[in-house]
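In what follows, a single structure is set out as structure tokens and then discussed.
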Amino acid sequence: MKDINQVPFFPYSRLFTNHQEKYLEIINDVLSRGAFILQKDLSDFETKLADFLGVKHAIGVSDCTNGLFAGLLAAGISSGDEVIFPSHTFVASAGAIKLAGAKPIPCDINLNDGMMNPADIERHITQHTKAIMPVQLNGRTCNMDAIASVAEEYGLIIVEDSAQALGSSYKGKNAGTFGLFGAFSFYPAKTLGCFGDGGAVVTNDDLIADSVRLFRNHGRANETDISGWGGNSRLDNVQAAFLNFQLLRYETTIERRREIASKYQSSFSAISDLKLPPGPDNSGDNFDIFQNYELKSNHRDELRSYLSEQGIETMIQWGGKAVHQHQNLGLSMALPGVESYFKECMLLPMNSLMTNNEVDYVCESIKTFYDI
Ligand SMILES: *Cc1c(COP(=O)(O)O)cnc(C)c1O
Numbered sequence: 065m066k067d068i069n070q071v072p073f074f075p076y077s078r079l080f081t082n083h084q085e086k087y088l089e090i091i092n093d094v095l096s097r098g099a100f101i102l103q104k105d106l107s108d109f110e111t112k113l114a115d116f117l118g119v120k121h122a123i124g125v126s127d128c129t130n131g132l133f134a135g136l137l138a139a140g141i142s143s144g145d146e147v148i149f150p151s152h153t154f155v156a157s158a159g160a161i162k163l164a165g166a167k168p169i170p171c172d173i174n175l176n177d178g179m180m181n182p183a184d185i186e187r188h189i190t191q192h193t194k195a196i197m198p199v200q201l202n203g204r205t206c207n208m209d210a211i212a213s214v215a216e217e218y219g220l221i222i223v224e225d226s227a228q229a230l231g232s233s234y235k236g237k238n239a240g241t242f243g244l245f246g247a248f249s250f251y252p253a254k255t256l257g258c259f260g261d262g263g264a265v266v267t268n269d270d271l272i273a274d275s276v277r278l279f280r281n282h283g284r285a286n287e288t289d290i291s292g293w294g295g296n297s298r299l300d301n302v303q304a305a306f307l308n309f310q311l312l313r314y315e316t317t318i319e320r321r322r323e324i325a326s327k328y329q330s331s332f333s334a335i336s337d338l339k340l341p342p343g344p345d346n347s348g349d350n351f352d353i354f355q356n357y358e359l360k361s362n363h364r365d366e367l368r369s370y371l372s373e374q375g376i377e378t379m380i381q382w383g384g385k386a387v388h389q390h391q392n393l394g395l396s397m398a399l400p401g402v403e404s405y406f407k408e409c410m411l412l413p414m415n416s417l418m419t420n421n422e423v424d425y426v427c428e429s430i431k432t433f434y435d436i
């Protein structure tokens with residue numbers, strides 16, 4: 065442990081070097097086949113991903129943001145509509161709603177786990193509300209029973225930003241499969257990360273699937289026919305080939321993340337200044353995959369600078385603000401829960417590429433800060 069003096073928040077180069085030979089083999093194979101766009105590696109990946117999630121369709125797209133956008137268009141969301149989303153999320157959730165022509169309406173979160181607060185949704189519903197977009201944050205799935213019951217009562221559709229939650233579930237059902245569609249991200253630092261941008265839309269609805277498939281490829285129904293307006297949001301075939309390899313090992317990836325979360329949980333449970341996320345072994349209806357390990361501290365800024373002096377990189381999500389707190393977006397309103405949450409929250413390094421020594425070093429450093 066003594067020889068450690070740096071723990072990166074995410075070790076980007078390790079993503080490649082961990083299985084360098086295998087990736088070079090994949091590059092060699094795919095590139096020498098000339099299989100670049102909409103090829104077999106992509107359709108294989110789509111089949112495997114749909115099987116993994118137990119969903120009818122998975123459609124590879126360029127990234128999650130475009131996936132959300134394509135899904136919203138397919139769902140008929142357009143100008144004049146309102147879509148409610150939790151303000152503790154990446155700006156992309158709101159951006160996709162805005163790009164679809166609709167109005168993003170932020171709502172508050174639970175203080176214990178940072179997830180969309182189902183009880184706060186109702187007060188944001190107007191005659192223009194069309195959809196609720198829960199965000200399956202940090203690898204955890206929202207209380208989907210409560211959200212579904214609001215949606216049902218008001219006749220709203222559910223569309224999921226499940227960018228952070230591949231393999232996470234609630235009452236045995238996978239994140240991304242609750243609503244009309246779900247969108248995933250394969251950004252390098254996500255739990256299933258490729259070497260650049262990547263994403264997927266998943267759905268059980270044939271019409272949504274057709275519409276997203278057409279949209280991602282210029283509205284082209286076949287070689288000659290254009291069925292409508294579209295754009296270009298395809299997932300590169302070579303990225304799909306990397307993802308195929310990673311998906312084979314994905315259960316192990318999740319296990320490793322949950323193991324690190326357990327270690328954090330047991331190391332910090334005695335520190336009363338820290339409010340920990342729900343742990344992996346004690347989460348009732350939830351199975352969490354720990355895209356992030358987000359905790360809260362009353363001495364957050366001091367803790368972060370101490371860890372930084374020890375060479376440990378930490379982060380506050382989204383540049384330290386909830387979406388509605390970014391003035392330039394014009395979504396200002398009062399959401400007391402998420403505002404107080406952002407005074408205390410931070411992320412510890414959490415990824416399957418961390419060594420045991422690194423995890424121990426993070427634990428010991430935090431204990432030293434708290435003098436225990
Ligand atoms: C990463 C992320 C996105 C965006 O994913 P991209 O693939 O980078 O477009 C959207 N929402 C959330 C919650 C995310 O974490």
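In our numbering, each residue carries its 1-based index in the sequence shown increased by 64.
Here a beta-carbon is modelled for each residue, glycine too, at the ideal position from N, C-alpha and C.
Chain-order list of residues whose beta-carbon lies under 7 Å from that of S396 (same chain, five-residue window excluded): H388, listed in sequence order.
Report the residue from Y370, L132, M410 and E403 whose alpha carbon sits nearest the alpha carbon of Q70. Comparing Cα positions, the closest option is Y370.
For T267: DSSP bridge partner residues: According to DSSP, which records beta bridges pairwise, T267 is partnered with H121.
Decide yes or no for the touch test of the region 132-146 against the region 324-342: beta carbon pairs closer than 8 Å, at least 3 of them. At 8 Å Cβ cutoff, the stretches do not touch.
Specify, as a first and last residue, the run of the alpha helix (DSSP H) that L312 falls within. That run of the alpha helix (DSSP H) goes N301 to L312.
For the region 156-186, which segments carrying the alpha helix (DSSP H) assignment without a break, of at least 4 residues, lie completely within its bounds, in sequence order? Correct list: 182-185.
Identify the continuous beta strand (DSSP E) that holds T193 and give its terminal residues. Per DSSP, T193 belongs to the beta strand (DSSP E) from T193 to I196.
In this structure, how does DSSP classify A227 when only helix, strand and coil are distinguished? If DSSP states are grouped into helix, strand and coil, A227 belongs with coil.
Do you know whose CA, among I335, L399 and G165, lies nearest H363's CA? Measuring from the Cα of H363, the nearest candidate turns out to be I335.
Backbone CA spacing between N238 and Y314 [nearest angstrom]: Rounded to the nearest angstrom, the two C-alpha atoms are 15 Å apart.
With which residues is C409 paired in a DSSP beta bridge? Paired residue(s): K360.
List the whole-angstrom C-beta distance separating H188 from I169, where the pair is believed to meet the contact cut-off of C-beta under 8 Å. Indeed they touch by this definition, with Cβ atoms about 5 Å apart.
Q303 Cβ short of 8 Å to ligand 1 heavy atom set: No, the beta carbon of Q303 sits no closer than 8 Å to any heavy atom of ligand 1.
When we look at the beta-carbon of L201 and count the other beta-carbons within 10 Å, is it buried (16 or more) or exposed? Classification of L201: buried, given that the 10 Å Cβ count is 16 or more.
Put I222 into one of helix, strand or coil per three-state DSSP. The answer is strand: DSSP assigns I222 an E or B state.
Is K385 a contact residue of ligand 1, with contact defined as CB to any heavy atom under 8 Å? Not one heavy atom of ligand 1 sits closer than 8 Å to the Cβ of K385.
Comparing the CB of D225 with every heavy atom of ligand 1, is any distance shorter than 8 Å? For ligand 1, at least one heavy atom lies less than 8 Å from the Cβ of D225.
Would you mind stating whether P198 and E217 have Cβ atoms separated by less than 9 Å? Not in contact: P198 and E217 (Cβ atoms no closer than 9 Å).
When the distance is taken between beta carbons, is T288 closer than 9 Å to S416? In this structure, T288 does not lie closer than 9 Å to S416 by Cβ.
Taking the DSSP output, what are the residues bridged to P150? P150 is bridged by DSSP to C171.
Relative to the C-alpha of V426, which residue among E403, E373 and S404 is closest? Comparing Cα positions, the closest option is E373.
Residue interval of the alpha helix (DSSP H) (run including A138): Its alpha helix (DSSP H) spans residues C128 to A138.
To the nearest angstrom, how far is it from the Cα of A304 to the Cα of R97? When only Cα atoms are considered, A304 and R97 end up about 14 Å apart.
Please list, in chain order, all residues of the same chain as L32 whose beta carbon is under 8 Å from its beta carbon, the five residues on each side excluded. Residue 32 cannot be examined here, being either before or after the span of the chain that is shown, 65 to 436.
Quick check on the DSSP output: the alpha helix (DSSP H) that includes F80 runs from which residue to which? Unbroken alpha helix (DSSP H) run through F80: Y76 to T81.
Just to confirm before moving on: does the CB-CB distance between P182 and S213 stay below 9 Å? Yes, Cβ-Cβ distance for P182 and S213 is below 9 Å.
DSSP-derived helix/strand/coil call for Q70: If DSSP states are grouped into helix, strand and coil, Q70 belongs with coil.
For the 8 Å Cβ check, are there 3 or more pairs between the region 262-271 and the region 115-127? Enough Cβ pairs lie closer than 8 Å, so yes.
I'd like to confirm something about C128: is its beta-carbon nearer than 8 Å to some heavy atom of ligand 1, or not? Distance from the C-beta of C128 to the nearest heavy atom of ligand 1 is below 8 Å.
DSSP state of K112, grouped into three classes? Three-state DSSP puts K112 in a helix.
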